[in-house]
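Visitor:
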Amino acid sequence: SYNYASEKQELKEKIISNPDYIKSLLVQGEKGQTQISESKEEIINLRIVKIRAFFQRNFYAIYTIWLAGMVILIIRFILGFIYCRRLKTYQLEILPDEIYSAITKLSEKIGLTRKVEAFFSPLAKGPVTLGTLKPIVLFPFTAFTGLSSREIEAIIAHELAHIMRNDYLFNIIQTIIEILFFYNPAVWIISS
């Protein structure tokens with residue numbers, strides 16, 4: 010902003026001191042030359058000046074759109090937290106002892122020091138890991154139906170890996186970045 014203001018002031022001084030200055034710029038600009046050079050050090054790019062002027066004129070509209078997008082995504086973020094809170098508390102059922110012991114063994118094997126809670130949940134559509142400080146793993150009631158013990162261990166190991174890597178915390182950080190920079194397609198591409 011400071012650089013733009015100083016460039017704008019210089020341009021204004023040139024226009025005031027030489028009334029034909031802007032006419033010469035416009036005539037040369039019509040010929041397809043977007044950059045006009047008076048000396049080797051001084052270059053004025055009319056296209057950049059026009060783009061900056063557009064953003065300056067429409068700042069409040071752009072800011073309003075950005076703020077509205079942020080509010081919508083913050084509401085979505087809060088609703089997601091509320092849903093996760095409900096997942097962690099709604100009608101949880103204790104896992105069978107053999108599955109719970111498999112979770113304990115795999116936790117020790119991979120060096121996970123945090124205590125991991127695990128339950129069946131009627132709301133879970135698939136295995137879900139929630140929380141960073143007090144992690145909880147939720148399984149749908151049909152999660153282990155028809156699976157061998159190796160497949161069950163693989164599912165459990167996958168969920169424990171999420172806890173080891175702190176994926177829940179990084180997902181929160183990623184969501185905050187998405188909220189702030191939602192207008193940037195690169196953020197959504199990287200996120201996906």
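In my numbering, the protein residues as written are 10 to 201.
Just so it is clear, CB atoms sit at the ideal spot from N, CA and C, and this is done for glycine as well.
Nearest by alpha-carbon distance to Ala111: which of Trp197, Glu160, Pro131, Glu102 is it?
Guide: Here the closest residue by C-alpha is Glu160.
Visitor: Can you tell me where the beta strand (DSSP E) with Val137 in it begins and where it stops?
Guide: 137-139
Visitor: What are the residues that DSSP puts in a beta bridge with Ile103?
Guide: Phe128
Visitor: Is the Cβ-Cβ distance between Phe68 and Leu104 less than 8 Å?
Guide: no
Visitor: Quick one, are the C-beta atoms of Thr184 and Phe64 less than 8 Å apart?
Guide: No, these two residues do not count as a Cβ contact at 8 Å.
Visitor: My understanding is that Thr138 touches Pro144, with C-beta atoms under 8 Å, so please give their C-beta distance in whole angstroms.
Guide: 6 Å
Visitor: Below 8 Å CB to CB, which residues in the same chain sit around Glu19 once its five sequence neighbours on both sides are set aside?
Guide: none
Visitor: Could you tell me the alpha carbon to alpha carbon distance between Gln42 and Tyr92, rounded to whole angstroms?
Guide: Low local confidence applies: a pLDDT of 49 at Gln42 is under 50, so the model's placement there is unreliable, with the coordinate-based value given in what follows. Approximately 57 Å between the Cα atoms of the pair.
Visitor: With a CB to CB cut of under 8 Å and the five nearest residues on each side skipped, what residues in its chain are close to Glu187?
Guide: Leu82, Val196, Trp197, Ser200
Visitor: Report the option in Leu101, Arg95, Glu126 whose CA atom is closest to the CA atom of Phe150.
Guide: Leu101
Visitor: Can you tell which of Gly78, Arg123, Tyr30 has the C-alpha that lies nearest to the C-alpha of Leu142?
Guide: Arg123
Visitor: When the Cα atoms are used, what is the spatial distance from Val125 to Leu189?
Guide: Spanning the two alpha carbons is a distance of roughly 32 Å.
Visitor: Our contact map puts Ala133 next to Phe148 with C-beta atoms below 8 Å; I'd like the distance itself, whole angstroms only.
Guide: 6 Å
Visitor: From Thr113 to Tyr177, what distance separates their C-alpha atoms?
Guide: 20 Å
Visitor: I'd like to confirm the pairing. Which residues does DSSP put opposite Leu147 in its beta bridges?
Guide: Answer is Phe128, Val137.
Visitor: So, is Ile108 buried or exposed, given that buried needs 16 or more other C-beta atoms within 10 angstroms?
Guide: Buried, because 16 or more other Cβ atoms sit within 10 Å of the Cβ of Ile108.
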